[in-house]
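Protein chains in written order, with the working numbering: chain A, 13 to 137; chain B, 38 to 243.
Here you go:
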């Protein structure tokens, strides 16, 4: 799978997960260093050209997607992460990718559900 | 002095290096500015968001309380405010990844320890005036089904019946853990470390 295809799958997963009820946003996956490098690179490009926050890797065991999400407290992390996994699986299937290891992690529970300025964590979307 | 200018709150803060490059002091400044203009690097950081929410609740508690604490505790490092800020900084760290059992057994779902600690801290909302200090998990949260004991330190407001406050807080923490995790919680221990006076800011110093 080409890098552009991987980016397209990751972007589609991010968009689909972000649209789920109860999901407040998609966060950058990876450690601090990876996040800083991504953020630095991102500052140089237009928002619509940025790399997806969903991290897509192809390792020895096959493709793997890392999805880090925020959820509304009222929606529940367990239920919402399960739905995020389901929708990511569907996206992979639509791209003809079978057996991808999809890892969904809730990194933030949003107690402030009515904040008008909620930028859906990526803030640049 | 505005309501957020509690004497030395910033200087009491620790400086966690893992708020995705930000510090507690920067988050205070950001709150002072009303979170405007939106800073993507802060709003896009789960750790910063967890810390911001906790700091907001802490500041809403009343500036008078914070002022009183600073006045009565000449050694800021020992104040309960410092202890709470340390707890908030700890919450902001993602920590371990706690597996979540989903409907599909092979689905790899999880939640960070920091997110769970943040949710537990937010349970303080059910008991006005109570402040959660530190929170920790005893047990291996990374092993599905392993018994985990939750230990929480709190500061209780003066005049509120402590047994009732603790009962309500424990019930709320239990509810939140059930909603957000599939942890096998063997118990929730709440330790009231101190009692603080909640002043009405309009009353001024007494």
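Cβ atoms here follow ideal geometry from the backbone N, Cα and C, with glycine treated the same way.
- Query: Does any CB atom of chain A fall closer than 8 Å to the CB of residue 216 of chain B?
  - Reply: Reading the second chain from its first residue, position 179 is the one you call residue 216 of chain B. Taking Cβ atoms only, chain A reaches closer than 8 Å to residue 216 of chain B, which makes this a yes.
- Query: Between residue 138 of chain B and residue 90 of chain A, what straight-line distance do the alpha-carbon atoms span, to the nearest angstrom?
  - Reply: Translated into the one-based positions of the second chain, residue 138 of chain B becomes position 101. Translated into the one-based positions of the first chain, residue 90 of chain A becomes position 78. The straight-line gap from Cα to Cα measures roughly 8 Å.
- Item | Below-8 Å beta-carbon distance, residue 97 of chain A vs any chain B residue | Indexing the first chain from 1 puts residue 97 of chain A at position 85. Taking CB atoms only, residue 97 of chain A has a neighbour in chain B less than 8 Å away.
- Can you tell me which of the three DSSP states residue 97 of chain A falls into? Locating residue 97 of chain A in the first chain gives position 85, counting from the first residue. In the three-state reduction of the DSSP assignment, residue 97 of chain A falls in the helix class.
- Message: Quick check on residue 230 of chain B: buried or exposed, where buried means 16 or more other Cβ atoms within 10 Å of its Cβ?
- Response: To locate residue 230 of chain B, count along the second chain from 1; it is residue 193. A residue is called buried when at least 16 other Cβ atoms come within 10 angstroms of its Cβ; residue 230 of chain B does not meet this threshold and is exposed.
- Which first and last residues belong to the alpha helix (DSSP H) in which residue 177 of chain B is found? Reading the second chain from its first residue, position 140 is the one you call residue 177 of chain B. No alpha helix (DSSP H) holds residue 177 of chain B; DSSP gives it neither H nor E.
- What separation, rounded to the nearest whole angstrom, lies between the Cα atoms of residue 64 of chain A and residue 37 of chain A? Taking the first residue of the first chain as position 1, residue 64 of chain A is located at position 52. Taking the first residue of the first chain as position 1, residue 37 of chain A is located at position 25. Residue 64 of chain A and residue 37 of chain A: Cα-Cα distance of roughly 12 Å.
- Message: In this structure, how does DSSP classify residue 228 of chain B when only helix, strand and coil are distinguished?
- Response: For this step, residue 228 of chain B is matched to residue 191 along the second chain. Assignment of residue 228 of chain B by DSSP, reduced to helix, strand and coil, places it in the strand class.
- Please list the partners that residue 121 of chain A has in chain B, where partner means a Cβ-to-Cβ separation under 7 Å. In the first chain, counting from the first residue as 1, residue 121 of chain A sits at position 109. Here the neighbours are 152, 155, 156, 217.
- Looking only at C-alpha atoms, which of B/172, B/181, B/75 sits nearest to residue 152 of chain B? As a working note, residue 152 of chain B is residue 115 in the second chain. Comparing C-alpha distances from residue 152 of chain B to each of B/172, B/181, B/75 shows the shortest one belongs to B/172.
- Proximity to residue 185 of chain B [Cα-Cα], best of B/212, B/79, B/225: Reading the second chain from its first residue, position 148 is the one you call residue 185 of chain B. Ranking the options by Cα distance to residue 185 of chain B, first place goes to B/225.
- Query: Looking at the structure shown, is residue 216 of chain B part of a helix, part of a strand, or coil, going by DSSP?
  - Reply: Indexing the second chain from 1 puts residue 216 of chain B at position 179. Residue 216 of chain B: helix per DSSP, three-state reduction.
- Simplified DSSP assignment, three categories, for residue 192 of chain B: Here the question's residue 192 of chain B lines up with position 155 in the second chain. Residue state, collapsed to three classes: strand.
- Please classify residue 39 of chain A: does DSSP put it in a helix, a strand, or coil? Walking along the first chain from the start, residue 39 of chain A turns up at place 27. In the structure shown, residue 39 of chain A sits in a strand (DSSP, three-state: E or B).
- When DSSP labels each residue in this structure, what does residue 81 of chain A get in the three-state scheme? For this step, residue 81 of chain A is matched to residue 69 along the first chain. Strand at residue 81 of chain A.
- Message: Counting C-beta neighbours from all protein chains within 10 Å, is the total for residue 110 of chain A 16 or more, i.e. buried, or is it exposed?
- Response: As a position in the first chain, residue 110 of chain A is number 98, starting the count at 1. Exposed: under 16 other Cβ atoms inside 10 Å.
- Message: Check whether the stretch 103 to 122 of chain A and the stretch 161 to 178 of chain B are in contact - that is, three or more C-beta pairs closer than 8 Å.
- Response: Taking 8 Å as the limit for Cβ pairs, the verdict is that the stretch 161 to 178 of chain B does not touch the stretch 103 to 122 of chain A.
- Message: Is there a C-beta anywhere in chain A that falls below 8 Å from the one on residue 178 of chain B?
- Response: By one-based count along the second chain, residue 178 of chain B stands at place 141. False, the Cβ-Cβ gap to chain A never drops below 8 Å.
- Query: Is any beta-carbon of chain A found at less than 8 Å from that of residue 226 of chain B?
  - Reply: As a working note, residue 226 of chain B is residue 189 in the second chain. No, residue 226 of chain B does not count as interfacial toward chain A.
- With DSSP as the reference, label residue 84 of chain B as helix, strand or coil. Indexing the second chain from 1 puts residue 84 of chain B at position 47. Look at residue 84 of chain B here: in three-state DSSP terms it is helix.
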